[in-house]
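All the letters of the sequence shown, read from the start, carry residue numbers 110 to 409 under our numbering.
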Amino acid sequence: MATGTSDDLDVRRLSGSLGAEVRGVALGRATADDAATIRSLLLEHMVLFFPDQHLDADEHLAFGRLFGELEAHPNLDLARERPEFFELRAVDGTGGVADEWHSDISCQQHPSKISILQAKVVPEVGGDTMWANACKAYDELSAPLRELCDGLTAYHNAAPHLAPEKGWIHPVVRVHPETGRRSLFVNEHFTRRIVELSEAESDLLLGHLTRWIQQPRFTVRYRWAAGTVAMWDNRCTQHHVLNDFVGERVVQRVTVMGDEPESAVPLPRWEPHGSRTATFWRDTEMRRKLKTQQAATPAS
Ligand SMILES: [Fe+2]
């Protein structure tokens, strides 16, 4: 594959909502033309799976850099040697807290754009990952609920990484900068509160939206093999690791830095609820409250 077209590739869709398996390209030797083809496939399918790649760390990093600047994990200190490359080892379903639906590092000002994950060691049973199409989930909300969500913002923070003081406010609905599609950008892992609603209203709506996106018809589920590389667009998907596995599971990831999410409509449409300001959600009162909610093990 050197022509920059997808003609030489075998692309097979894996569900009606998102995801395709791609064969016929060696990611370790990918060119800029290959990257352009892969980028357009990613925009179409949202998550791509490339079996039998077996990248070493340098190849993995070089492939990632074809899609933009890479970032070190902002909250986890997992890779001192190569800060932009991190490896997660887990045994028997102790894979950390990535077994909640999320898009990667949505709690930072510039959430991750693309994640590229290789399975190094696959457990004998379980350990699949699921992805959901956040555009389809948005599109299938009723028109009144879409309009309400368009005008709301939500506070995300890094409590799951034991860093609740790190957070940011994003639109509840973001517009993909390349496709123009709107998607739901709240998730059960990082999103704490809808800023313009009362706490009770926020709990209700966040609960609905985060459960809504988890419906099986919006998802694809992938069974890993060692050497498979998955690549997903965090701007329009969420994912969830199944911590049901038996045996060892080792995955390696590089992550491409993203932009600050754009809203679908001019914001703010409403003031933050009560007398609080938008920055309230980043202040100490919220941090105190979240101390009791901190998870025990990082990794997502
Ligand atoms: Fe993740």
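The beta-carbon is built from N, C-alpha and C at its ideal position, and this holds for glycine as well. Since we're looking at a predicted model, the values are computed, not measured.
Cβ neighbours of residue i in the same chain (closer than 8 Å, five flanking residues each side left out)
{"i": "Gln347", "result": "Trp210, His211, Ser212, Trp240, Ala241, Ala243, Asn296 and Ile322"}
{"i": "Arg283", "result": "Arg291, Ser292, Phe294, Arg344, Pro370, Glu371, Ser372 and Ala373"}
{"i": "Leu306", "result": "Leu261, Leu314 and His382"}
{"i": "Lys275", "result": "Pro183, Asn184, Cys216, Gln217, Asn266 and Ala267"}
{"i": "Val365", "result": "Gly173, Phe176, Gly177, Glu178, Leu179, Glu180, Ser221, Lys222, Ile223, Ser224 and Ile225"}
{"i": "Glu380", "result": "Glu305"}
{"i": "Arg191", "result": "Ala166 and Leu170"}
Cutoff 6 Å; reference residue i; Cβ partners in own chain excluding five residues on either side
{"i": "Val120", "result": "Ala129 and Val131"}
{"i": "Gln361", "result": "Glu196, Gln227 and Lys229"}
{"i": "Arg122", "result": "Ala129"}
{"i": "Gly356", "result": "Pro232 and Glu233"}
{"i": "Glu168", "result": "Gly137"}
{"i": "Asp312", "result": "none"}
{"i": "Val200", "result": "Glu357"}
Identity of the residue in the options nearest residue i by Cα
{"i": "Leu271", "options": "Ala263, Gly367, His298 and Ile223", "result": "His298"}
{"i": "Gly367", "options": "Ala207, Ile214 and Phe158", "result": "Ile214"}
{"i": "His179", "options": "Glu153, Ser224 and Gln217", "result": "Checking the sequence, you will find Leu at residue 179 rather than His. Per the Cα distances, Ser224."}
{"i": "His382", "options": "Ala181, Val304 and Arg358", "result": "Val304"}
{"i": "Arg302", "options": "Thr262, Glu274 and His285", "result": "Thr262"}
{"i": "Glu287", "options": "Leu151, Asp161 and Val329", "result": "Leu151"}
{"i": "Leu351", "options": "Val234, Gln217 and Thr238", "result": "Thr238"}
{"i": "His349", "options": "Gly356, Val355 and Trp341", "result": "Trp341"}
{"i": "Val170", "options": "Arg138, Thr146 and Val156", "result": "This sequence places Leu at residue 170; Val is not what is there. Checked all of Arg138, Thr146 and Val156; the closest Cα to Leu170 is Arg138."}
{"i": "Pro377", "options": "Gly356, Leu318 and Ile278", "result": "Ile278"}
{"i": "Val338", "options": "Arg198, Arg330, Val365 and His163", "result": "His163"}
{"i": "Leu127", "options": "Asp117, Leu157 and Leu118", "result": "Leu157"}
{"i": "Thr319", "options": "Arg122, Glu153 and Tyr247", "result": "Tyr247"}
{"i": "Pro375", "options": "Cys258, Leu250, Asp143 and Asp116", "result": "Cys258"}
{"i": "Gly125", "options": "Thr146, Ser311 and Gln324", "result": "Gln324"}
{"i": "Asp353", "options": "Ser149, Thr203 and Glu153", "result": "Thr203"}
{"i": "Glu233", "options": "Val281, Ala309 and Trp333", "result": "Trp333"}
{"i": "Glu256", "options": "Asp312, Pro280 and Gly235", "result": "Pro280"}
{"i": "Val134", "options": "Ser149, Asp161 and Ala252", "result": "Asp161"}
{"i": "Arg330", "options": "Ile147, Gly235 and Thr140", "result": "Gly235"}
{"i": "Asp142", "options": "Met155, Asp117, His154 and Glu153", "result": "Asp117"}
{"i": "Ser251", "options": "His219, Val200, His317 and His285", "result": "His317"}
{"i": "Glu75", "options": "Arg191, Ala309 and Gly289", "result": "Residue 75 lies beyond the range of the chain shown here (110 to 409); nothing can be said about it."}
Assumed close pair residue i, residue j - CB separation to whole angstroms, cut-off 8 Å
{"i": "Glu193", "j": "Ala181", "result": "5 Å"}
{"i": "Val231", "j": "Ala335", "result": "5 Å"}
{"i": "Phe327", "j": "Lys245", "result": "5 Å"}
{"i": "Arg198", "j": "Val359", "result": "5 Å"}
Residues of its chain near residue i, where Cβ-Cβ distance is below 7 Å and the 5 sequence neighbours each way are ignored
{"i": "Tyr264", "result": "Gly276, Ile278, Arg301, Arg302, Val304 and Trp390"}
{"i": "Gln402", "result": "Its pLDDT being 49, under 50, Gln402 is placed unreliably in this model, and the value from its coordinates should be taken loosely. The answer, listed in chain order, is Ala268."}
{"i": "Arg92", "result": "Residue 92 is absent from the structure shown; the chain starts at 110 and stops at 409."}
{"i": "His285", "result": "Ser292, Arg344 and Cys345"}
Residue i Cβ short of 7 Å to ligand 2 heavy atom set
{"i": "Ala373", "result": "In the structure on display, ligand 2 does not appear, and the ligands it does have are ligand 1."}
Legend entry - In chain order, each beta strand (DSSP E) run of at least 3 residues that lies wholly inside the region 172–252: 195–200, 223–230 and 238–242
Legend entry - Runs of beta strand (DSSP E) wholly within the region 258–326 (minimum 3 residues, chain order): 262–267, 272–280, 282–284, 291–293 and 300–303
Inset, instruction - Can you check the region 133–165 for any beta strand (DSSP E) of at least 3 residues that lies completely inside it and give the ranges in chain order? - result: With a minimum length of 3 residues, the continuous beta strand (DSSP E) runs that stay inside the region 133–165 are 156–159.
Inset, instruction - Please go through the region 330–370 and give each complete beta strand (DSSP E) segment of 3 or more residues, from N-terminal end onward. - result: Residue ranges of uninterrupted beta strand (DSSP E) with 3 or more members, entirely inside the region 330–370 and ordered along the chain, are 338–342, 346–350 and 357–365.
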